[in-house]
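One structure below.
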Amino acid sequence: MNRNIFISFGLHIFLVIITAMSLPFLAKKPIDLPPIISVELIQISDKTNIPFAPKAKKIIEKVKEKEKKLISEQAPPKKIKKQKPDAVPLPNEKIKKIKKIKDEKQNPEKVETEIKQISEFEKKELFDTNSIAALIDKSKTESAETNKKLDKVTQDQDKEMDFAGLTLSEEDALKAQIFGCWSIPLGLPFNEDLLVRIKLQLKPDGSIIKTEILDHARMNRPGQGFYKVLAESALRAIKLCQPLRVPSTGYERWKDMQLNFDAREMLEG
Amino acid sequence: MLLRYLFILLIIIPIKAFALIEVDITRGNLNPLPVAVSPLSIDNESKENFKKILKQEDLGSEISIVVENNLRQSGLFNPLDKNAFLQEPDVANLKPRFEDWNLIKAQALVTGKVTFVDEKLRVEFRLWDVLAGKEMMALAFTTVPSNWRRVGHIITDKVYERLTGEKGYFDTRIIYVSEEGPKTKRIKKLAIMDQDGFNNKYLTLGNELVLTPRFSPTNQMVTYLSYFRNLPRVYLLDIETGMQEVVGDFPGMTFAPRFSPDGKKIIMSFAKDGNSDIYTMDLENRIVERITNHPSIDTSPSYSPDGKQITFNSDRSGYQQIYVMDSNGKNVKRISFGNGLYGTPVWSPRGDLIAFTKLHKGKFYIGVMRTDGKGERLLTENFYQEAPSWSPNGRVLIFYRETKTNSKGEGFSAKLWSIDLTGYNEKMVETETDASDPSWSSLLSD
């Protein structure tokens with residue numbers, strides 16, 4: 011009887027020791043975890059009284075001087091555009107007339123008088139051909155964009171120019187400039203509407219007077235927090251790019267402009 | 072008649088004259104955003120105090136380095152060289168001279184201040200839009216001094232979210248299997264570290280084989296598989312207390328337990344009567360429910376973030392492919408149709424993608440596809456790599472990669488790697504030992 015009790019007792023002790031040894035958490039200290047961090051908002055004054063650093067001032071002045079020099083060294087783009095229509099084969103009679111005009115375009119002064127003399131009908135033809143030539147030149151494939159541009163005038167028609175949009179090459183130059191400046195925020199939800207429309211007021215040199223986000227109220231709508239990030243990135247792109255590459259003439263037609271930033275194509279692609 | 076024409080002209084001319092030019096900008100660049108992270112300013116008294124406690128010469132600088140490294144690792148930011156900064160940290164913190172930061176082409180600026188207050192560390196930081204010349208964010212944190220690296224990670228999360236529009240993933244940890252010794256006799260331990268590789272700790276002693284640790288999406292719990300006397304056991308480990316418990320012994324082969332999105336269930340596959348199917352276990356009442364019932368091998372289940380669907384891999388088509396089904400096991404649909412074998416599907420926390428491992432022509436790929444199987448993209452290719460795990464924001468994947476051994480069986484190593492969804496930002500994650508089976512935690516400070 012006693013023997014059985016001793017054996018049972020011994021086996022129980024053995025079982026307790028084995029259990030204690032096989033459970034790793036008994037021998038281990040709990041992991042020390044950092045306490046919770048409290049967060050509070052702070053405010054700062056809107057304007058600074060910090061004096062302008064003399065070191066920085068010198069560097070800024072140097073950079074500004076450099077930029078001025080660069081701007082003054084730029085050549086006017088007019089001549090290149092006038093040569094574009096020459097490359098287009100024109101099959102019928104109407105086009106013969108236009109060819110004449112183009113031949114005379116070798117002399118820029120004559121072109122002006124020719125344009126003043128042609129009828130409204132001929133003007134329309136001339137515009138179409140120029141646009142087509144520009145299209146071929148740029149190897150454009152998007153039909154929607156092509157249709158839009160067919161109605162636009164060239165830079166040479168001063169009178170019409172004030173009422174029209176930018177030419178293809180002007181628009182391409184501006185787009186290419188902004189493409190390089192716009193860092194698209196990659197965290198945006200690409201299944202949402204990612205269009206930000208910004209209205210600009212420009213100086214003749216292409217620098218910005220004023221920017222206005224047209225759908226500003228959307229920033230404060232619930233679930234549209236990403237729109238603020240997107241709009242800010244677009245504003246940064248505009249500021250980074252300025253002065254914008256605007257045409258050297260026709261200030262009246264582009265002094266107000268609207269840029270439609272759409273990130274969806276990039277984020278989906 | 073003349074009056075009528077004049078009237079029409081009066082209407083038409085102003086419309087034409089003021090037609091607003093519209094230009095569509097549909098492209099941008101994906102270059103990293105230039106950011107200046109100024110060293111956080113610190114007064115001499117605080118500096119001395121922190122030097123005594125933390126043995127750090129300049130805590131302000133150290134925190135800014137944590138932020139800078141995090142931003143650089145993300146691949147979305149280009150932190151600028153501190154040697155180019157024109158403004159001192161204490162001045163920059165009050166209100167920066169934006170001309171100075173414009174000069175070095177910074178688009179965003181991080182400044183801040185570190186102080187020692189009541190034995191605690193107080194960190195203020197501000198994020199500035201340099202081009203707009205305005206403040207974007209200002210926050211202050213108070214914590215124990217030893218927490219200084221976490222403060223750096225939290226600051227990075229805030230900056231990242233403000234500039235990219237999505238939550239960050241820097242104040243997170245990674246649990247993985249640490250491996251040591253020759254390939255035929257590996258000692259495997261559970262280990263945990265910050266996402267940047269710091270603060271590494273071992274959670275088990277290495278006496279037993281441990282496999283597939285997985286973080287709970289809701290708290291700091293981990294489930295993993297361990298072999299006790301050659302029997303697979305599923306464990307739950309509470310990272311906060313260090314306590315662990317056995318969820319259950321499962322006969323036959325058991326694979327990859329994983330939490331449901333609400334953390335109340337675990338889903339896994341195990342073999343019963345010689346057939347591997349998918350089961351869930353309710354962690355409150357320990358009731359096991361069978362989800363699939365098919366003579367083929369069904370493994371690697373992973374819930375969608377809303378908990379309504381499950382992705383898993385199965386060889387029911389003859390080859391191992393990825394499937395999606397409802398959480399009750401109905402509406403099973405194959406989604407992978409490419410060449411090769413597909414495995415280890417993991418649903419993104421954003422819900423839009425499924426990450427997977429693919430084996431094709433002797434090479435292993437980590438890739439992603441949409442949840443309907445379309446848009447497959449292979450992000451990286453190697454001799455052997457698998458087990459992708461998502462960062463909590465669904466932007467980055469961490470996985471492990473093994474190297475080939477030579478004819479003598481030498482040269483083997485297993486390392487953790489991360490890659491983002493662009494496929495360009497691929498980086499090795501430093502660990503003390505060899506490492507495999509990583510799992511990314513949710514945000515600690517969320």
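In the order they appear, the protein sequences are chains A and B. Count along the first sequence from 1, add 10, and you get the number used in our numbering. Count along the second sequence from 1, add 71, and you get the number used in our numbering. Glycine included, every Cβ here is placed at the ideal spot set by N, Cα and C.
>> Is there a Cβ of chain A sitting closer than 8 Å to that of Leu198 of chain B, yes or no?
In response: no
>> Between Asp266 of chain A and chain B, is the shortest Cβ-Cβ distance under 8 Å, so that the two count as touching?
In response: yes
> What is the C-beta distance between Asp200 of chain B and Asn270 of chain A, in whole angstroms, given that I count them as a contact (C-beta under 8 Å)?
Replying inline: Not confirmed; about 22 Å, so no contact.
>> Does Thr275 of chain B pass the burial test, meaning 16 or more other C-beta atoms within 10 Å, or should it be called exposed?
In response: buried
> Name the DSSP bridge partner or partners of Pro150 of chain B?
Replying inline: B:Val106
> If we call anything under 8 Å between Cβ atoms a contact, is Asn453 of chain B one with Phe189 of chain A?
Replying inline: no
> Met292 of chain B: which of B:Asn364, B:Ser512 and B:Lys256 sits nearest, CA to CA?
Replying inline: B:Ser512
> Using the beta-carbon of each residue, which ones in chain A are nearer than 9 Å to Asn290 of chain B?
Replying inline: Correct list: empty, because the minimum Cβ distance to chain A is about 12 Å.
> Mind listing which residues of the segment 211–233 of chain A have their C-beta closer than 7 Å to chain B's C-betas, in chain order?
Replying inline: none
> For Trp172 of chain B, which of helix, strand or coil comes out of DSSP?
Replying inline: helix
> Between which two residues does the beta strand (DSSP E) carrying Arg361 of chain B extend?
Replying inline: Val359 to Arg361
> Which parts of the segment 203–281 of chain B are runs of the alpha helix (DSSP H), unbroken and 4 residues or longer, counting only runs that do not cross its ends?
Replying inline: 219–235
> For the ligand NAD, is there a heavy atom less than 7 Å away from the beta-carbon of Lys185 of chain A?
Replying inline: The ligand content of the structure shown is nil, which means the ligand NAD is not present either.
> Skipping 5 residues on each side, what residues in its chain have a beta carbon closer than 6 Å to that of Gly252 of chain B?
Replying inline: Ile258
>> Determine whether the beta carbon atoms of Ile310 of chain B and Ile263 of chain B lie at a separation below 8 Å.
In response: yes
> When burial is assigned at 16 or more other CB atoms within 10 Å of the CB, is Gln315 of chain B buried or exposed?
Replying inline: buried
>> Using CA atoms only, rank isn't needed, just tell me which of B:Val138, B:Pro459 and B:Met339 is closest to Arg221 of chain B.
In response: B:Val138
> Of all the beta strand (DSSP E) runs that stay within the bounds of the segment 458–504 of chain B, which reach a length of 3 or more residues?
Replying inline: 467–473, 485–491 and 497–500
> Can you tell me the Cα-Cα spacing of Ile219 of chain A and Ser407 of chain B, whole angstroms?
Replying inline: 54 Å
> Closer than 8 Å, CB to CB, is Gly252 of chain B near chain A or not?
Replying inline: no
> Using the C-alpha atoms, what's the distance from Ser347 of chain B back to Lys205 of chain B?
Replying inline: 59 Å
> For Pro518 of chain B, which three-state DSSP category applies?
Replying inline: With chain B running from 72 to 517 in the structure shown, residue 518 of chain B is simply not present.
> Hey, Asn141 of chain B and Asp267 of chain B are a contact pair by Cβ (cut 8 Å); roughly how many whole angstroms apart?
Replying inline: 7 Å
> If you compare alpha carbons, which of B:Ala327, B:Asp242, B:Ser331 and B:Leu296 is closest to Val317 of chain B?
Replying inline: B:Leu296
> Candidates B:Lys123, B:Glu355, B:Lys153 and B:Gly131: which alpha carbon is nearest Ala107 of chain B's?
Replying inline: B:Lys153
> When the Cα atoms are used, what is the spatial distance from Ile425 of chain B to Leu104 of chain B?
Replying inline: 28 Å
>> Measuring CB atoms only, is the segment 254–266 of chain A touching the segment 222–235 of chain A, in the sense that at least three cross pairs come out at less than 8 Å?
In response: no
> For the putative contact between Lys209 of chain A and Asp266 of chain A, defined by C-beta atoms under 8 Å, what is the C-beta separation to the nearest angstrom?
Replying inline: 7 Å
> So, Asp491 of chain B versus Arg466 of chain B, is the Cβ gap smaller than 8 Å?
Replying inline: yes
> In whole angstroms, what separates the C-alpha of Tyr471 of chain B from that of Lys254 of chain B?
Replying inline: 15 Å
> Should the segment 477–486 of chain B be called in touch with the segment 422–440 of chain B, which here means at least 3 C-beta pairs below 8 Å?
Replying inline: no
>> Output needed for Glu103 of chain A: all residues of its chain with C-beta closer than 6 Å, excluding positions within five of it in sequence on either side, in chain order.
In response: Note that Glu103 of chain A scores 40 on pLDDT, short of 50, meaning its location in the model is unreliable; the coordinates nonetheless yield the value given after this. Within the same chain, Glu103 of chain A has no close Cβ partners at all.
> Quick one: what's got a C-beta closer than 8 Å to Glu447 of chain B's C-beta in the same chain, skipping five residues either side?
Replying inline: Ser407, Gly409, Gly438, Val439 and Met440
>> Could you pull the DSSP bridge partners for Pro519 of chain B from this structure?
In response: The question about residue 519 of chain B has no answer, for chain B in this structure spans 72 to 517.
> Taking contact to mean at least 3 C-beta pairs separated by less than 8 Å, is the segment 208–219 of chain B in contact with the segment 167–179 of chain B?
Replying inline: no
> Is any beta-carbon of chain B found at less than 8 Å from that of Met31 of chain A?
Replying inline: no
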